[in-house]
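I have placed the structure first, in the form of structure tokens, so that the comments after it can refer back to it.
Residue numbers (the numbering used here): 1 to 269.
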């Protein structure tokens, strides 16, 4: 069974102890948050495990599905992290606050690695969201390229209401998708965004009944896999860079990618 460093320490624990399941079936990898009794709350060990999965992802995988066991996708940070005792073996926010700023930033950077890899150009990541996706749960869904929501999904960026900021890479995709004013409103009110509004804002590519969620994700994965992998990777890379380029720069990037594609397809190089 795969093991991860617990909270960045030398101690190793299994994915099962972290509360994750990880399965690879051909070109599809599925990551399941598996603490339904805690509404799939996340800890430093969760984020270390996610980062390890990204580091060890088999080369043949093209689709990564992230989902939650039980009625909720993820209710966010494990509330034990707010207590003096914290999570056994992982400490608490109180203990982290005693670190110097550089060390604390490094610990956050390690946690962020569990989210950043989901944006790699060579894969497409899909969040299958039912029930609550709060705080870290919302940010995990935002880390994925695509989101399929059950119609009972409830998204909330809770961190500001707890005196914190969203720091698991969720702020940029939120602003990119909904725009700055709406992102400010969603975050600073810490209100709940339902599935219908999420679809209207572009936070969901598809909304389905809860009983149809698994099939909808399966169908989307099949459609994505029908596209040539090289073309898909190059196109995603182009799309990801588009917002940071001028039209002329994007046109040049398109030319470079197309030269590689045509040479690969027709010249065998």
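Ideal Cβ placement from N, Cα and C applies to all residues, glycine included. Predicted, not measured: the structure shown is a model, and the values here were computed from it.
Within the same chain, Cβ atoms closer than 7 Å to the Cβ of residue 160 are found at 187, 188, 190, the five residues on either side in sequence being excluded.
Short of 6 Å from the beta carbon of residue 201, and not among the five residues preceding or following it, lie these beta carbons of its own chain, in chain order: 178. Per the coordinates, the alpha-carbon of residue 126 lies some 6 Å from the alpha-carbon of residue 66. Using a Cβ distance threshold of 9 Å, residue 63 and residue 221 count as a contacting pair. Going by C-alpha positions, residue 236 is about 20 Å away from residue 114.
Here residue 23 carries a strand assignment [DSSP, helix/strand/coil]. 43 is the residue among 43, 223, 216 whose C-alpha sits nearest the C-alpha of residue 75. Around the Cβ of residue 147, a 10 Å sphere holds 16 or more other Cβ atoms; the residue is buried. Each of 91, 57, 155 was checked against the Cα of residue 26, and the nearest Cα belongs to 57.
Leaving aside the five residues that flank residue 50 on each side, the residues in its chain whose CB is nearer than 6 Å to its CB run, in chain order, 114.
Residue 243 counts as exposed, since fewer than 16 other C-beta atoms from the protein chains shown sit within 10 angstroms of its C-beta. Straight-line spacing of the CA atoms in residue 261 and residue 230 works out to 7 Å. Around the CB of residue 136, 16 or more other CB atoms lie within 10 Å, so the residue is classed as buried. Residue 35 sits away from residue 54, with the two beta carbons spaced by 9 Å or more. DSSP assignment within the stretch 170 to 205 yields the following whole alpha helix (DSSP H) runs of 4 residues or more, N-terminal first: 171 to 178, 180 to 189, 195 to 201. Separation of residue 246 and residue 14 (C-alpha to C-alpha, rounded to the nearest whole angstrom) is 46 Å.
Residue range 101 to 116 is occupied by the alpha helix (DSSP H) that includes residue 114. Cβ-Cβ separation between residue 238 and residue 254: approximately 6 Å, consistent with a contact (criterion under 8 Å). Counted as a single uninterrupted DSSP element, the beta strand (DSSP E) harbouring residue 32 occupies residues 28 to 33. The closest CA to that of residue 134, considering only 80, 153, 121, 84, is found on 153. In the structure shown, residue 57 adopts coil according to DSSP, grouped into three states. If you check the CB distance, residue 130 and residue 149 come in under 9 Å. Residue environment analysis places residue 48 among the buried positions, since at least 16 neighbouring C-beta atoms fall within 10 angstroms of its C-beta. Counting along the chain, no beta strand (DSSP E) covers residue 62, and no H or E run does either. Residue 251: member of the alpha helix (DSSP H) spanning 247 to 262, first to last residue.
For residue 121, the closest alpha carbon among the candidates 267, 258, 241, 268 is that of 241. If you compare the alpha carbons of 264, 99, 69, 181 with that of residue 213, the shortest gap goes to 69. Annotation for residue 95: the continuous alpha helix (DSSP H) segment containing it runs 93 to 96.
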